[in-house]
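The working numbering puts the first residue of the sequence shown at 112, with every later residue one more than the last. We put the CB at the ideal spot given by N, CA and C, even for glycine.
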Amino acid sequence: MADTESPPAPAEGFDRVNFLELRNSQLTEAIKRVESERHYMEAEILRLQREVKRLKTELDRLRYPPLIVGSVRDILTDGRVVVKSSTGPDFVVNSAETVDHEKITIGSRVALNKQTLAVMGVLPASLDPLVAASEVVEKPDTTYTDIGGLSDQIRDIREAVEYPLLRSELYKKVGVDPPKGVLLVGPPGTGKTMIAKAVAHHTHATFVRLVGSELVQKYIGEGARLVRELFQLAKEKAPTIIFIDEVDSIGAKRLEVATSGDREVQRTLMQLLAEMDGFEPLANVKIIAATNRPDILDEALLRPGRFDRIIEIPVPTYTGRAEIFKIHSQGMAIREVVDFESLASRCEGATGADIKAICTEAGMWAIREERETVTSADFERAIDKVVGDEEMRKESVTMFA
Ligand SMILES: Nc1ncnc2c1ncn2[C@@H]1O[C@H](COP(=O)(O)OP(=O)(O)OP(=O)(O)O)[C@@H](O)[C@H]1O
Ligand SMILES: [Mg+2]
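Rendered as structure tokens:
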């Protein structure tokens, strides 16, 4: 039997060697795998440890009491600081060790501890969002040709606003101070805002726009700061045209008796006057202000040297009204030849805004009657409806006369 068997040793030995080699490589493989797993686990632990740390600091940050934003009024010789927070009176406070004392200057914005009002940090100087948003980036699409019947006023405003920006050297050579700006006064709906938009459309200057009532309503206690920041923005971006609409809401007469709200408005006005007088001349900054209540404006705003020109924007004349009719009916589908002159003669005292309303109303008549074009009769009916009570209109016109 032994004879018939093939020699086992080499074969067996061979298998064994094979087996051991296989086993060996399998084990090495496994070790490699486990090792890489270990590496992975170690990295994962590190990552999670870092994550825990991050969350802890995040938690600390969230638990940190809020800081109050204030501004520095004065710095005392002993290093203490007089601050004003938006909540009320001025306080004398210390500042934290960690704050770079060099950076605390009069006027800088600082973060204050809620309890002690100590200065915890100096904030980067930044513009208030309202001021930052007041820059009109996209040019309004109103042009001078969209304005009817105000060619003299448009010429005046261009002389006072556009030319000084374009030709400031000429003023310097001649030796006169260029005009600072204009005040547009006139009844509601006569095109004051429109003119300012058209000026913005036609110049390459930066245009910043602010509405007086917004300034005092939204930002009680901050109006003066906003005015200061507005002029700062204007100077940085010069040449600039600042348009202050509804200036009467900050420029009303200063009265003796005043509520705290009135005092706030007055502070805003004082700041506006101070900026207009400014130590550095506002060579490349022009101001256009508009109001429909010139009667309540403070004399200080009206005296020479502030607004160089007060341009009256009157209720349109007969020819003005006809022009405005033509402008606003331009895009309308009109069936027949409409005599705008005769329409104009029928609405004495109507403002540009009224005439726009008449045109819209004429279109409405066509729509009501399911027609696709507008007729003269539609305009006639619209005048009756919009201008309506002639007596009432006359009264409101004489109020501004
Ligand atoms: N002269 C005009 N030519 C053409 N359209 C005019 C004219 N005046 C007024 N309008 C029309 O009336 C609308 C209102 O005008 P605008 O806002 O300029 O009046 P305003 O004088 O600023 O009034 P308020 O004093 O109430 O602010 C304009 O959008 C325009 O459609
Ligand atoms: Mg207006």
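Residue nearest to residue i in terms of C-alpha spacing, selected from the options
i    : options                : result
G431 : E410, E459, R420       : E459
A349 : G292, V221, L276, M305 : L276
I361 : M231, G334, I268       : G334
V73  : A154, V145, F342, M305 : Residue 73 lies beyond the residue range present for the chain, which begins at 112 and ends at 512; the question has no answer from this structure.
V358 : L383, A345, G389, A401 : A401
I469 : V310, R174, K496       : K496
T254 : T462, K143, M305       : M305
K346 : S219, K397, T209       : K397
F418 : R446, A141, P427, P405 : P405
E273 : G292, R127, V204       : G292
A394 : R278, I265, E481, A455 : R278
G465 : R266, V426, R482, I445 : Per the sequence shown, residue 465 should be read as Asp rather than Gly. Of the listed residues, the one whose Cα sits closest to D465 is V426.
F202 : V163, T216, G181, V287 : G181
V192 : M152, I215, V128       : I215
G190 : P200, S206, I179       : S206
I352 : E340, E325, V310       : V310
P290 : G302, A307, I268, K303 : I268
T188 : Q160, K195, E340, V204 : V204
E106 : M381, A455, R158, L131 : Residue 106 cannot be examined here, being either before or after the span of the chain that is shown, 112 to 512.
T428 : S456, R420, M152, V221 : S456
V230 : S196, T256, V498, L261 : S196
Beta carbon proximity, residue i to chain B, threshold 8 Å
i    : result
P415 : Among the chains of the structure shown, chain B does not appear; only one protein chain is present.
DSSP beta-bridge partners of residue i
i    : result
L321 : I355
V193 : D185, V203
G232 : A222
A461 : DSSP output for A461 lists no bridge partner at all.
T402 : V296
L178 : N224
I422 : L295
K250 : According to DSSP, K250 bridges with nothing at all.
K397 : I352
Range covered by the alpha helix (DSSP H) that runs through residue i
i    : result
I268 : 262-268
R417 : Per DSSP, R417 belongs to no alpha helix (DSSP H) and is neither H nor E.
T304 : 303-313
E213 : Taken as a continuous stretch (DSSP letters only), E213 belongs to no alpha helix (DSSP H), as it is neither H nor E.
K348 : Premise fails: K348 is in no alpha helix (DSSP H) and is neither H nor E.
P275 : 274-277
Item to check | Touch test, the segment 472-488 against the segment 290-298, Cβ-Cβ under 8 Å, three pairs minimum | outcome: These segments do not touch.
Next on the checklist: Below 8 Å, how does it come out for the segment 280-290 and the segment 219-235: are there three or more Cβ pairs, yes or no?
Outcome noted: By the C-beta criterion, the segment 280-290 is judged not to be in contact with the segment 219-235, since fewer than 3 inter-stretch pairs fall below 8 Å.
Item to check | Entirely enclosed beta strand (DSSP E) segments - the segment 429-496, minimum 3 residues | outcome: With a minimum length of 3 residues, no continuous beta strand (DSSP E) run stays inside the segment 429-496.
Checklist entry - Counting pairs of Cβ atoms below 8 Å between the segment 311-320 and the segment 422-437, do you hit three or more? => result Taking one beta carbon from each stretch, the segment 311-320 and the segment 422-437 have fewer than 3 pairs nearer than 8 Å; the two do not touch.
Checklist entry - Any chance the segment 399-415 sits against the segment 439-453, with 3 or more Cβ pairs inside 8 Å? => result No: fewer than three Cβ pairs fall under 8 Å.
Item to check | At least 3 beta-carbon pairs within less than 8 Å: the segment 479-491 vs the segment 447-462 | outcome: The way I'd put it, the segment 479-491 does touch the segment 447-462; three or more beta-carbon pairs between them come closer than 8 Å.
Checklist entry - Any chance the segment 169-176 sits against the segment 196-211, with 3 or more Cβ pairs inside 8 Å? => result No, because fewer than three Cβ pairs between the segment 169-176 and the segment 196-211 fall closer than 8 Å, the two stretches do not touch.
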